[in-house]
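Q:
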Amino acid sequence: MAKEEIRVRFAPSPTGPFHIGGARSALFNWLVARKLGGKMVLRIEDTDLKRSSRESEENIKAALKWLGMDWDEGVDVGGPYGPYRQTERLDIYKKYTDQLLAEGKAYYCFCTDEELEAERQALLKEGKMPRYMGKCRNLTPEQQEQLRAEGRKPSIRLRVPADETIVVHDLVRGDVEFDSNGIGDFVIVKSDGIPTYNYAVVIDDSLMHITHVIRAEEHLSNTPRQLLVYEALGFKQPVFGHISLILGKDHTKMSKRHGATSVDQYRQLGYLPEGIDNFLALLGWAPNSEQEIFTMQELIQQFSMEHVAKNPAVFDLDKLNWINGKHMRQLSDEDFMTVAVPHMEKAGFMTGKEDTAKQAWLRRVILTAKNHVDFGAQVPQVLSMYFTDEFDFENAEAAAVLQEATVPAVMKMLFEELPKLSPVDGPNVKALFKKIQKTTKLGGKAVFMPIRVALTGNQHGPELAEMVPLLGIERTLKRIQDSLTKAGIKF
RNA sequence: GGCGCUAUGGUCAAGAGGCUAAGACGUCGCCCUCUCAAGGCGAAAUCAUGGGUUCGAUUCCCAUUAGCGCUACCA
Numbered sequence: 125m126a127k128e129e130i131r132v133r134f135a136p137s138p139t140g141p142f143h144i145g146g147a148r149s150a151l152f153n154w155l156v157a158r159k160l161g162g163k164m165v166l167r168i169e170d171t172d173l174k175r176s177s178r179e180s181e182e183n184i185k186a187a188l189k190w191l192g193m194d195w196d197e198g199v200d201v202g203g204p205y206g207p208y209r210q211t212e213r214l215d216i217y218k219k220y221t222d223q224l225l226a227e228g229k230a231y232y233c234f235c236t237d238e239e240l241e242a243e244r245q246a247l248l249k250e251g252k253m254p255r256y257m258g259k260c261r262n263l264t265p266e267q268q269e270q271l272r273a274e275g276r277k278p279s280i281r282l283r284v285p286a287d288e289t290i291v292v293h294d295l296v297r298g299d300v301e302f303d304s305n306g307i308g309d310f311v312i313v314k315s316d317g318i319p320t321y322n323y324a325v326v327i328d329d330s331l332m333h334i335t336h337v338i339r340a341e342e343h344l345s346n347t348p349r350q351l352l353v354y355e356a357l358g359f360k361q362p363v364f365g366h367i368s369l370i371l372g373k374d375h376t377k378m379s380k381r382h383g384a385t386s387v388d389q390y391r392q393l394g395y396l397p398e399g400i401d402n403f404l405a406l407l408g409w410a411p412n413s414e415q416e417i418f419t420m421q422e423l424i425q426q427f428s429m430e431h432v433a434k435n436p437a438v439f440d441l442d443k444l445n446w447i448n449g450k451h452m453r454q455l456s457d458e459d460f461m462t463v464a465v466p467h468m469e470k471a472g473f474m475t476g477k478e479d480t481a482k483q484a485w486l487r488r489v490i491l492t493a494k495n496h497v498d499f500g501a502q503v504p505q506v507l508s509m510y511f512t513d514e515f516d517f518e519n520a521e522a523a524a525v526l527q528e529a530t531v532p533a534v535m536k537m538l539f540e541e542l543p544k545l546s547p548v549d550g551p552n553v554k555a556l557f558k559k560i561q562k563t564t565k566l567g568g569k570a571v572f573m574p575i576r577v578a579l580t581g582n583q584h585g586p587e588l589a590e591m592v593p594l595l596g597i598e599r600t601l602k603r604i605q606d607s608l609t610k611a612g613i614k615f
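So the first sequence is numbered by this note's numbering: it starts at 125 and just counts up by one.
#1: Can the beta-carbon of leucine 594 be found less than 7 Å from the beta-carbon of valine 489?
#2: Please determine, among Lys189, Asp329, Asp196, the residue with the shortest C-alpha to C-alpha distance to isoleucine 216.
#3: Would serine 456 be called buried (16 or more neighbouring beta carbons within 10 Å of its own) or exposed?
#4: Between arginine 178 and the ligand FAD, is there a pair consisting of the residue's CB and a ligand heavy atom that are separated by less than 6 Å?
#5: Quick check: the Cα distance between leucine 423 and glycine 408, rounded to an integer number of angstroms?
#6: Roughly how many angstroms lie between the CA atoms of threonine 264 and histidine 336, to the nearest whole one?
#7: Looking at histidine 293 and aspartate 287, is the spacing between their C-beta atoms short of 7 Å?
#8: Quick check on this structure: which residue in Val531, Thr580, Val577 has the alpha carbon closest to the alpha carbon of glutamine 561?
#9: The alpha helix (DSSP H) spanning phenylalanine 539 covers which residue range?
#10: According to DSSP, is proline 319 helix, strand or coil?
#11: Excluding sequence positions up to five away, which residues of its chain have a Cβ less than 6 Å from the Cβ of phenylalanine 418?
#12: If we count Cβ pairs, one from each stretch, closer than 8 Å, do we get three or more for the region 355 to 374 versus the region 458 to 471?
#13: Compare the C-alpha of glycine 358 against each of Leu344, Glu301, Leu331 and name the closest.
#14: Would you mind sorting phenylalanine 134 into buried or exposed? The rule is 16 or more other CB atoms within 10 Å of its CB.
#15: Taking the runs of the alpha helix (DSSP H) that are 4 residues or longer, which of them lie wholly in the region 486 to 512?
#16: Could you tell me which whole alpha helix (DSSP H) segments of length 4 or greater appear in the region 348 to 395?
#17: Ordered along the chain, which non-local residues of its own chain (more than five positions away) have a Cβ less than 6 Å from that of methionine 537?
#18: Are the region 213 to 227 and the region 183 to 199 in contact at 8 Å, needing three or more beta carbon pairs?
#19: Quick check on the burial criterion: 16 or more other C-beta atoms within 10 angstroms. Buried or exposed for leucine 396?
#20: Between which two residues does the alpha helix (DSSP H) harbouring phenylalanine 152 extend?
#21: From which residue to which residue does the beta strand (DSSP E) around isoleucine 166 run?
#22: Helix, strand or coil for methionine 125 per DSSP?
#23: Would you mind listing the alpha helix (DSSP H) stretches within the region 408 to 485 that are 4+ residues and don't spill past its ends, in chain order?
#24: Between valine 201 and the rest of its own chain, which residues show a CB-CB distance below 7 Å, the 5 nearest in sequence each way excluded?
#25: Which of the three DSSP states, helix, strand or coil, is assigned to histidine 336?
#26: Report the CB separation of histidine 451 from glycine 500 in whole angstroms; it is logged as a contact under 8 Å.
#27: With DSSP as the reference, label alanine 286 as helix, strand or coil.
#28: Out of Asn495, Val465, Glu478, Gly228, state which residue places its alpha-carbon closest to the alpha-carbon of proline 504.
#29: Looking only at its chain, what residues have a beta carbon closer than 6 Å to the beta carbon of lysine 229, apart from the 5 residues adjacent to it on each side?
#30: Can you list, in chain order, the residues of its chain with a C-beta nearer than 7 Å to that of lysine 277? Leave out the 5 residues immediately preceding and following it.
#31: Under a three-way DSSP split, which group does tyrosine 256 fall into?
This is the structure we're talking about:
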């Protein structure tokens with residue numbers, strides 16, 4: 125056989141909105157698969173019956189696709205090692221469980237929650253590590269019968285050997301050692317017959333021939349447990365790679381308190397999938413070059429697990445915005461429109477049912493936002509002045525601009541000359557302003573600023589030579605006149 | 001509490017015994033400019049602490065501290 129095919133997997137639990145951290149795990153796996161010509165498997169770990177939902181699974185798949193990731197095997201697409209949803213693999217797990225039971229490597233445990241909790245508290249009180257002490261380890265068949273007769277539903281625990289050093293060979297952390305004495309006999313099948321994560325994950329990864337398990341660091345401490353299962357079942361271990369966690373600004377785990385944490389929230393805010401991918405890739409990985417902005421293709425070419433950092437990374441929204449803004453500016457006009465329009469509609473600035481002339485005008489307006497936004501939801505914000513003819517001065521400073529003694533002369537000339545302009549385009553408007561400067565012998569600021577404030581109520585905004593043609597002479601003059609009246613300026 | 005992981009500017013990070021310790025975001029300044037952006041240029045800012053090892057430690061080892069994770073019939 126030729127060299128072993130690389131097989132990676134992403135195995136999310138469908139228990140809520142798809143988290144940005146999960147997206148990064150998926151991305152790292154996907155990049156490895158695509159770079160090395162391997163296979164990507166998508167498996168759904170839905171053994172938590174209470175919290176799992178089909179809706180959440182759909183959400184995850186939609187988010188992955190939106191981010192530009194696909195999978196070669198898994199839910200929806202199938203594959204030779206399916207099914208790919210854990211709750212549909214129960215008979216498979218049962219086979220191995222029976223085997224472990226028969227071999228005495230696992231045993232039934234009849235302890236109740238209360239008993240377990242009491243044991244935990246007692247150990248804690250003694251200052252010892254709370255773990256299962258093996259009460260049901262050596263129950264006789266008769267005792268088991270009796271317990272069953274009492275109506276107790278047993279769980280199944282793995283017999284964990286004492287005094288063993290378990291070594292996890294990790295791609296990013298090297299060898300990590302654990303003492304088996306720190307691990308109690310843990311539950312592999314819950315009393316309802318559903319396997320636990322640490323058990324099912326081993327059987328699935330093994331049966332699906334996963335060669336590289338790349339996942340978040342929170343699973344590192346669970347890996348020795350899983351290794352014990354590999355050993356008990358006689359399965360070959362995959363290569364592990366535990367990537368660090370993404371933290372919030374206050375260095376605690378990302379949560380709602382840190383703002384948007386789900387992929388979907390970023391999608392709704394109008395972030396670009398390539399922006400998110402780019403940002404996520406740079407969280408914990410650094411290229412050989414000094415390149416910061418990447419397309420997905422470039423990420424595939426340059427990505428390598430060898431350059432994955434060990435330390436946790438803080439999610440920096442400023443940097444995400446910068447990266448996303450870079451990608452926004454690289455968009456074609458067409459693509460920029462596609463991103464912007466939904467946000468314009470949401471803001472009520474357009475309906476999508478405008479006539480052709482209005483559509484053309486909207487397009488011109490929207491495209492001016494390109495250099496001014498980092499993500500879609502900002503588009504209507506920076507464009508709002510095109511859609512509201514009624515406004516107040518933003519502050520006293522802005523209002524004061526119109527009280528300058530030079531303002532009447534500027535306005536007089538503007539009202540005389542602007543209507544004569546033809547065509548009303550950027551260069552002509554610019555030329556007119558130059559002319560006003562010359563005639564009034566005023567500096568640029570003394571000419572532009574009063575016009576800007578009168579036109580928008582604001583001291584900042586797009587270039588006047590850009591705004592005036594877009595607003596048209598009539599609206600421009602009307603808005604200025606209204607402001608001047610409000611400010612009590614006559615000329 | 002036990003075990004584990006981690007520790008370079010505010011943030012992402014390169015660096016792998018000897019370097020003026022890269023680069024990016026952010027911040028600040030300058031240029032461009034009517035303003036705000038975009039773009040260009042520049043500046044400030046980092047090796048957690050204490051012990052070793054070594055001629056020499058940001059780099060290797062140990063401890064401390066801090067952060068995080070695991071310690072569930074969650075994943």
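Every residue, glycine too, gets a C-beta built ideally from N, C-alpha and C.
A: According to the data block:
#1: Judged by their CB atoms, leucine 594 and valine 489 are nearer to each other than the 7 Å cut-off.
#2: With distances taken between Cα atoms, isoleucine 216 lies closest to Asp329.
#3: Counting Cβ neighbours within 10 Å, serine 456 comes out exposed, since fewer than 16 surround it.
#4: In terms of ligand content, the structure shown is empty, and the ligand FAD therefore cannot be addressed.
#5: So the two alpha carbons sit approximately 13 Å from each other.
#6: For threonine 264 and histidine 336, the distance between alpha carbons rounds to 41 Å.
#7: No, they are not a contact pair.
#8: Comparing Cα positions, the closest option is Val531.
#9: Where phenylalanine 539 is concerned, the enclosing alpha helix (DSSP H) stretches over 531 to 541.
#10: When DSSP states are grouped into helix, strand and coil, proline 319 belongs to the strand group.
#11: So the list reads Asn402, once near-sequence residues are dropped.
#12: Verdict: no, contact absent.
#13: It is Leu331 whose Cα lies nearest to the Cα of glycine 358.
#14: Buried is the call here.
#15: Listed in chain order, they are 502 to 507.
#16: List check, alpha helix (DSSP H) in window: 387 to 392.
#17: Result list for methionine 537: Ile560, in chain order.
#18: Counting Cβ pairs under 8 Å, fewer than three are found: no touch.
#19: Burial call: buried.
#20: Counting along the chain, the alpha helix (DSSP H) containing phenylalanine 152 begins and ends at 144 to 160.
#21: Checking the displayed sequence, the identity of residue 166 turns out to be leucine instead of isoleucine. 163 to 166 is the span of the beta strand (DSSP E), which, as asked, contains leucine 166.
#22: A caution first: methionine 125 carries a pLDDT of 42, below 50, which makes its placement in the model unreliable, though a value can still be read off. In this structure, methionine 125 counts as coil in the three-state DSSP scheme.
#23: Correct list: 420 to 426, 441 to 454, 457 to 470.
#24: Once the five neighbours on either side are set aside, the close Cβ partners of valine 201 are Trp195.
#25: Three-state DSSP puts histidine 336 in a strand.
#26: With a Cβ gap of about 12 Å, histidine 451 and glycine 500 do not count as contacting.
#27: In this structure, alanine 286 counts as coil in the three-state DSSP scheme.
#28: Here the closest residue by C-alpha is Val465.
#29: Beyond the five residues adjoining it in sequence on each side, lysine 229 comes within less than 6 Å, by CB distance, of Arg283, Ala356 in the same chain, given in chain order.
#30: The residues Ser315, in chain order, have a CB closer than 7 Å to that of lysine 277 in the same chain once the five nearest residues on each side in sequence are set aside.
#31: Three-state DSSP puts tyrosine 256 in coil, outside helix and strand.
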